[in-house]
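*Asks:* My questions will all concern the structure given below.
Number of protein chains: 2
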Amino acid sequence: MNVLMIYAHPESHSLNGALNKFAVSHLENAGHHVQVSDLYAMNWKSQLDANDTLAPLAGDHFHPSMDSKQAFEQGLQSADIAAEQEKLRWADAVIFQFPLWWFSMPAIMKGWFDRVYAYGFAYGVGEHSDTHWGDRYGEGSLSGKRAMLLVTTGGWESHYSPRGINGPIDDILFPIQHGMLFYPGFEVLPPLVIYHTSKTDDKKYASYCQQLAHRLDTLWQAEPLPFRQQNAGDYVIPALTLREDIAPGEGGFGVHMKS
Amino acid sequence: MNVLMIYAHPESHSLNGALNKFAVSHLENAGHHVQVSDLYAMNWKSQLDANDTLAPLAGDHFHPSMDSKQAFEQGLQSADIAAEQEKLRWADAVIFQFPLWWFSMPAIMKGWFDRVYAYGFAYGVGEHSDTHWGDRYGEGSLSGKRAMLLVTTGGWESHYSPRGINGPIDDILFPIQHGMLFYPGFEVLPPLVIYHTSKTDDKKYASYCQQLAHRLDTLWQAEPLPFRQQNAGDYVIPALTLREDIAPGEGGFGVHMKS
Numbered sequence: 001m002n003v004l005m006i007y008a009h010p011e012s013h014s015l016n017g018a019l020n021k022f023a024v025s026h027l028e029n030a031g032h033h034v035q036v037s038d039l040y041a042m043n044w045k046s047q048l049d050a051n052d053t054l055a056p057l058a059g060d061h062f063h064p065s066m067d068s069k070q071a072f073e074q075g076l077q078s079a080d081i082a083a084e085q086e087k088l089r090w091a092d093a094v095i096f097q098f099p100l101w102w103f104s105m106p107a108i109m110k111g112w113f114d115r116v117y118a119y120g121f122a123y124g125v126g127e128h129s130d131t132h133w134g135d136r137y138g139e140g141s142l143s144g145k146r147a148m149l150l151v152t153t154g155g156w157e158s159h160y161s162p163r164g165i166n167g168p169i170d171d172i173l174f175p176i177q178h179g180m181l182f183y184p185g186f187e188v189l190p191p192l193v194i195y196h197t198s199k200t201d202d203k204k205y206a207s208y209c210q211q212l213a214h215r216l217d218t219l220w221q222a223e224p225l226p227f228r229q230q231n232a233g234d235y236v237i238p239a240l241t242l243r244e245d246i247a248p249g250e251g252g253f254g255v256h257m258k259s
Numbered sequence: 001m002n003v004l005m006i007y008a009h010p011e012s013h014s015l016n017g018a019l020n021k022f023a024v025s026h027l028e029n030a031g032h033h034v035q036v037s038d039l040y041a042m043n044w045k046s047q048l049d050a051n052d053t054l055a056p057l058a059g060d061h062f063h064p065s066m067d068s069k070q071a072f073e074q075g076l077q078s079a080d081i082a083a084e085q086e087k088l089r090w091a092d093a094v095i096f097q098f099p100l101w102w103f104s105m106p107a108i109m110k111g112w113f114d115r116v117y118a119y120g121f122a123y124g125v126g127e128h129s130d131t132h133w134g135d136r137y138g139e140g141s142l143s144g145k146r147a148m149l150l151v152t153t154g155g156w157e158s159h160y161s162p163r164g165i166n167g168p169i170d171d172i173l174f175p176i177q178h179g180m181l182f183y184p185g186f187e188v189l190p191p192l193v194i195y196h197t198s199k200t201d202d203k204k205y206a207s208y209c210q211q212l213a214h215r216l217d218t219l220w221q222a223e224p225l226p227f228r229q230q231n232a233g234d235y236v237i238p239a240l241t242l243r244e245d246i247a248p249g250e251g252g253f254g255v256h257m258k259s
């Protein structure tokens with residue numbers, strides 16, 4: 001199978017660098033084809049702006065979504081954006097690897113999503129009607145592909161537990177896993193999160209590699225997170241609120257998972 | 001009072017550009033001093049990397065937090081980082097203005113947090129003991145200052161409601177408001193969120209300005225979000241889980257607000 005890694009860490013001699021090399025070699029030894037978008041090494045441009053389109057502006061001034069649409073439709077996107085989209089088309093699975101900085105991904109990876117996720121590619125896809133509100137949240141250009149987060153954090157696991165002060169890790173990652181990955185159609189596998197990285201010694205590193213190897217070996221068998229599909233009947237269209245008879249009276253991120 | 005706006009939009013002829021100009025002029029007319037960090041206009045560097053420190057590396061290779069600590073302590077940070085920290089020291093209130101892209105801030109603003117929030121400035125501050133786990137979550141370098149988000153989104157309000165498909169807006173913003181603003185000590189005011197921006201006409205724009213003016217006029221009177229302070233007795237130290245007798249059996253972001 002084809003595996004794409006989107007990887008963001010500024011130093012190759014780091015825990016993340018080592019885990020990235022381990023993952024590539026483990027996947028290749030198992031016969032998979034691997035491409036890595038090493039965003040720091042590529043000097044990836046983070047900021048979405050008018051230079052991302054080679055097409056004439058759709059209006060009088062630059063408009064992020066309208067000009068993304070125009071550039072995508074006309075095949076006039078910046079070459080770095082088009083190349084990443086092509087890698088996504090090629091991939092059967094995508095692993096996003098990053099250190100958790102301020103409870104989200106590093107800016108350079110956010111810039112990958114902001115720019116590669118073009119209008120017509122990752123959003124604004126499919127018909128909008130009274131029964132179908134676009135191909136999103138379970139449908140879309142990336143459906144049939146799997147995605148997984150590989151995340152490191154300096155913080156302690158208990159600080160990210162259900163009652164931990166940082167908030168539960170599942171909730172912290174929801175805007176990424178649901179909002180960025182499930183949205184354009186990925187099946188999202190449970191994340192592999194490595195905590196308290198300042199205390200990594202040889203024994204712990206061996207255990208991380210073992211966990212990662214297991215996750216890579218089961219990329220095609222693991223059960224994805226049970227997010228609810230938007231157009232499968234659970235939501236009222238176009239308000240897109242969860243039907244009143246499902247998890248009645250409850251709110252929050254958790255209701256968007258089938259129980 | 002001194003108000004700093006951290007502002008990220010690639011086009012000044014936009015709703016965000018207009019609201020930014022409105023806010024500056026409204027605040028100045030009320031007698032306040034205003035500085036704007038217009039991140040796109042400044043060509044702000046988004047990616048945290050080894051060029052952010054002018055100090056010798058703390059170890060054999062670049063280490064994001066250890067080298068941030070060293071550079072901050074020695075006064076050898078990159079000049080753009082030090083300048084933003086100085087603006088923060090000057091400010092009595094900080095307004096972060098951005099369009100919500102993929103359920104978070106644009107990469108260029110994430111890069112502002114990744115880089116300006118140095119070790120020793122925004123984290124790694126204060127003693128760590130059995131009764132006090134660092135000056136964070138309600139204490140820290142930025143305590144006594146107020147912060148507010150001003151956010152626009154193309155999505156509909158119902159999609160961000162308590163049972164809306166995107167997840168509740170309060171939860172989407174929690175990693176920012178609690179994790180990035182309350183963490184180094186800001187008092188965080190409720191956000192001003194403007195929805196469905198593609199449908200903005202003159203009448204709606206006037207209403208947005210009116211709402212924004214009201215929020216600016218009450219910056220020093222509004223009640224901050226009631227996040228729980230880390231070291232005030234609600235959390236078990238060092239696990240930093242909420243005490244068992246508070247909101248017993250409950251989890252999620254909501255338990256970190258006093259009810």
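Protein chains in written order, with the UniProt record's numbering: chain G, 1 to 259; chain E, 1 to 259.
We put the beta carbon where it would ideally sit given N, CA and C, even for glycine.
Taking just the CA atoms, how far does GLN211/G sit from ASP234/G?
*Replies:* One-based indexing of the first sequence puts residue 234/G at position 234. One-based indexing of the first sequence puts residue 211/G at position 211. Between ASP234/G and GLN211/G, the C-alpha separation is close to 35 Å.
*Asks:* Beta carbon of GLN210/E: closer than 7 Å to some heavy atom of the ligand ATP?
*Replies:* Questions concerning the ligand ATP fall outside what the structure shown contains, since it holds no ligand whatsoever.
*Asks:* Excluding the 5 residues preceding and the 5 following residue 292/G in the sequence, name in chain order all residues of the same chain whose CB lies nearer than 7 Å to its CB.
*Replies:* Nothing about residue 292/G can be reported from this structure: the residues present for chain G run from 1 to 259 only.
*Asks:* From the DSSP secondary-structure annotation, give me the bridge partner or partners of SER104/E.
*Replies:* Residue numbering aside, residue 104/E sits at position 104 when the second sequence is read from its first letter. In the DSSP output, where bridge partners are listed per residue, SER104/E has TRP101/E.
*Asks:* What residues match up with GLY164/G in a beta bridge as DSSP calls it?
*Replies:* Position 164 of the first sequence, counted from the first residue, corresponds to residue 164/G. DSSP, once it has assigned bridges, lists THR241/E as partnering GLY164/G.
*Asks:* Comparing C-alpha positions only, which one of PHE113/E, LYS199/E, VAL188/E, GLY167/E sits nearest to ASP92/E?
*Replies:* As a first step, residue 92/E must be located in the second sequence, where it is residue number 92. With distances taken between Cα atoms, ASP92/E lies closest to VAL188/E.
*Asks:* Is ASP171/E close to chain G? Criterion is C-beta to C-beta, closer than 8 Å.
*Replies:* Within the second sequence, the letter at position 171 stands for residue 171/E. Yes, its Cβ sits closer than 8 Å to a Cβ of chain G.
*Asks:* Give the straight-line distance between the Cα atoms of HIS61/G and SER207/E, rounded to the nearest whole angstrom.
*Replies:* Position 61 of the first sequence, counted from the first residue, corresponds to residue 61/G. Position 207 of the second sequence, counted from the first residue, corresponds to residue 207/E. Cα to Cα, HIS61/G sits roughly 23 Å from SER207/E.
*Asks:* So, helix, strand or coil for MET66/G, using DSSP?
*Replies:* Residue numbering aside, residue 66/G sits at position 66 when the first sequence is read from its first letter. Correct three-state label for MET66/G: helix.
*Asks:* Using CA coordinates, which residue listed in ILE95/G, PRO56/G, PRO64/G is at the minimum distance from LEU219/G?
*Replies:* Start at 1 with the first residue of the first sequence, and residue 219/G comes out as number 219. LEU219/G has its Cα closest to that of ILE95/G, out of ILE95/G, PRO56/G, PRO64/G.
*Asks:* From this set, GLY155/E, LEU150/E, VAL151/E, HIS132/E, which residue's C-alpha is nearest TYR123/G's C-alpha?
*Replies:* On the first sequence, position 123 is the one that residue 123/G refers to. When only C-alpha atoms are compared, the closest one is GLY155/E.
*Asks:* Entirely within the region 10-73 of chain G and at least 4 residues each: give me those alpha helix (DSSP H) ranges in chain order.
*Replies:* Listed in chain order, the complete alpha helix (DSSP H) runs (minimum 4 residues) inside the region 10-73 of chain G are 15-29, 64-73.
*Asks:* Do the CB positions of PHE186/G and VAL151/G come within less than 8 Å of each other?
*Replies:* Position 186 of the first sequence, counted from the start, is the residue given in the question as residue 186/G. Position 151 of the first sequence, counted from the start, is the residue given in the question as residue 151/G. For PHE186/G and VAL151/G, no; Cβs fall outside 8 Å.
*Asks:* With a threshold of 16 other CB atoms inside 10 Å of the CB of GLU139/G, please say whether the residue is buried or exposed.
*Replies:* Translated into positions along the first sequence, residue 139/G becomes position 139. Buried, by the Cβ-count rule.
*Asks:* If you reduce the DSSP assignment to three classes, tell me which class GLU187/G lands in.
*Replies:* Within the first sequence, residue 187/G is the residue found at index 187, counting from 1. Looking at GLU187/G - three-state DSSP - the assignment turns out to be strand.
*Asks:* Just to confirm, are HIS9/E and TYR40/E a CB contact at a threshold of 8 Å?
*Replies:* In the second sequence, residue 9/E corresponds to position 9, counting from 1. In the second sequence, residue 40/E corresponds to position 40, counting from 1. A contact, by the Cβ cut-off of 8 Å.
*Asks:* Would you call the CB atoms of THR53/G and LEU76/G closer than 8 Å?
*Replies:* Counting from one through the first sequence, the residue named residue 53/G turns up at place 53. Counting from one through the first sequence, the residue named residue 76/G turns up at place 76. Against a cut-off of 8 Å, the Cβ pair of LEU76/G and THR53/G comes out as a contact.
*Asks:* So ALA213/E is in the alpha helix (DSSP H); what residue range does that whole segment cover?
*Replies:* Start at 1 with the first residue of the second sequence, and residue 213/E comes out as number 213. 202-217 is the span of the alpha helix (DSSP H), which, as asked, contains ALA213/E.
*Asks:* Please state whether DSSP places LEU149/E in a helix, a strand or coil.
*Replies:* Against the second sequence, residue 149/E aligns to sequence position 149. Reduced to three states, the DSSP call for LEU149/E is strand.
*Asks:* Are MET109/G and ILE6/G touching if we call contact CB-CB under 8 Å?
*Replies:* Residue 109/G sits at position 109 when you count from the first residue of the first sequence. Residue 6/G sits at position 6 when you count from the first residue of the first sequence. Yes.
*Asks:* Quick one, which residues of the region 96-112 of chain E are near chain G if we go by CB-CB under 9 Å, in chain order?
*Replies:* From the region 96-112 of chain E, only PRO99, TRP101, TRP102, PHE103, SER104, MET105, PRO106, ALA107, ILE108, MET109, LYS110, GLY111, TRP112 have a Cβ closer than 9 Å to chain G.
*Asks:* What residues in the region 170-202 of chain G have a beta carbon less than 9 Å from any beta carbon of chain E?
*Replies:* So the close ones are ASP171, ILE172, PHE174, PRO175, ILE176, HIS178, GLY179, MET180, TYR183, SER198.
*Asks:* What does the Cβ neighbour count give for ASP130/G, buried or exposed, with the cut at 16 atoms within 10 Å?
*Replies:* Your numbering for residue 130/G matches position 130 in the first sequence. The residue in question, ASP130/G, is exposed, as its Cβ has fewer than 16 Cβ neighbours within 10 Å.
*Asks:* Give a yes or no on whether the minimum CB-CB distance between ALA83/G and chain E is below 8 Å.
*Replies:* Along the first sequence, one-based indexing puts residue 83/G at 83. By this cut-off, ALA83/G is not an interface position.
*Asks:* Should residue 277/E go down as buried or exposed, given a rule of 16 or more other Cβ atoms within 10 Å for buried?
*Replies:* Outside the displayed span of chain E (1 to 259) sits residue 277/E, for which this structure offers no information.
*Asks:* Could you check if HIS178/G is buried or exposed, using at least 16 other CB atoms within 10 Å of its CB as the buried criterion?
*Replies:* Position 178 of the first sequence, counted from the start, is the residue given in the question as residue 178/G. Per the 10 Å Cβ criterion, buried.
*Asks:* Buried or exposed for ASP170/E, please, with buried defined as at least 16 other CB atoms from any protein chain shown within 10 angstroms of its CB.
*Replies:* Translated into the one-based positions of the second sequence, residue 170/E becomes position 170. By the 10 Å Cβ count, ASP170/E comes out buried.
*Asks:* According to DSSP, is LEU192/E helix, strand or coil?
*Replies:* Taking the second sequence and counting its residues from 1, one reaches residue 192/E at position 192. Three-state result, LEU192/E: strand.
*Asks:* For chain E, is any of its Cβ atoms less than 8 Å away from the one on SER46/G?
*Replies:* Numbered from 1 along the first sequence, position 46 holds the residue referred to as residue 46/G. Yes - at least one Cβ of chain E is within 8 Å of the one on SER46/G.
*Asks:* Nearest chain G C-beta to PRO224/E closer than 8 Å, yes or no?
*Replies:* Taking the first residue of the second sequence as position 1, residue 224/E is located at position 224. Answer no: the Cβ-Cβ gap between PRO224/E and chain G never drops below 8 Å.
*Asks:* Terminal residues of the continuous alpha helix (DSSP H) containing ILE169/E?
*Replies:* Along the second sequence, one-based indexing puts residue 169/E at 169. First-last of the alpha helix (DSSP H) with ILE169/E: 169-176.
*Asks:* Any chance the region 249-258 of chain E sits against the region 223-240 of chain E, with 3 or more Cβ pairs inside 8 Å?
*Replies:* Cβ pair count under 8 Å is three or more, so yes.
*Asks:* Between SER147/G and PRO168/G, what straight-line distance do the alpha-carbon atoms span, to the nearest angstrom?
*Replies:* Here residue 147/G is taken as the residue at index 147 of the first sequence, counted from 1. Here residue 168/G is taken as the residue at index 168 of the first sequence, counted from 1. Looking at the sequence shown, residue 147/G is not Ser but Ala. Taking the straight line joining both Cα atoms gives about 21 Å.
*Asks:* Return helix, strand or coil for HIS128/E, following the three-state DSSP convention.
*Replies:* Position 128 of the second sequence, counting from 1, holds the residue named residue 128/E. It is a strand residue.
*Asks:* Here's the rule I'm using: 16 or more other beta-carbon atoms within 10 Å means buried, otherwise exposed. How should GLY31/E be labelled?
*Replies:* Your numbering for residue 31/E matches position 31 in the second sequence. Its Cβ having fewer than 16 others within 10 Å, GLY31/E is exposed.
*Asks:* Out of GLY126/E, LYS69/E, TYR160/E, MET1/E, which has the shortest C-alpha to C-alpha gap to HIS196/E?
*Replies:* In the second sequence, counting from the first residue as 1, residue 196/E sits at position 196. Comparing Cα positions, the closest option is TYR160/E.
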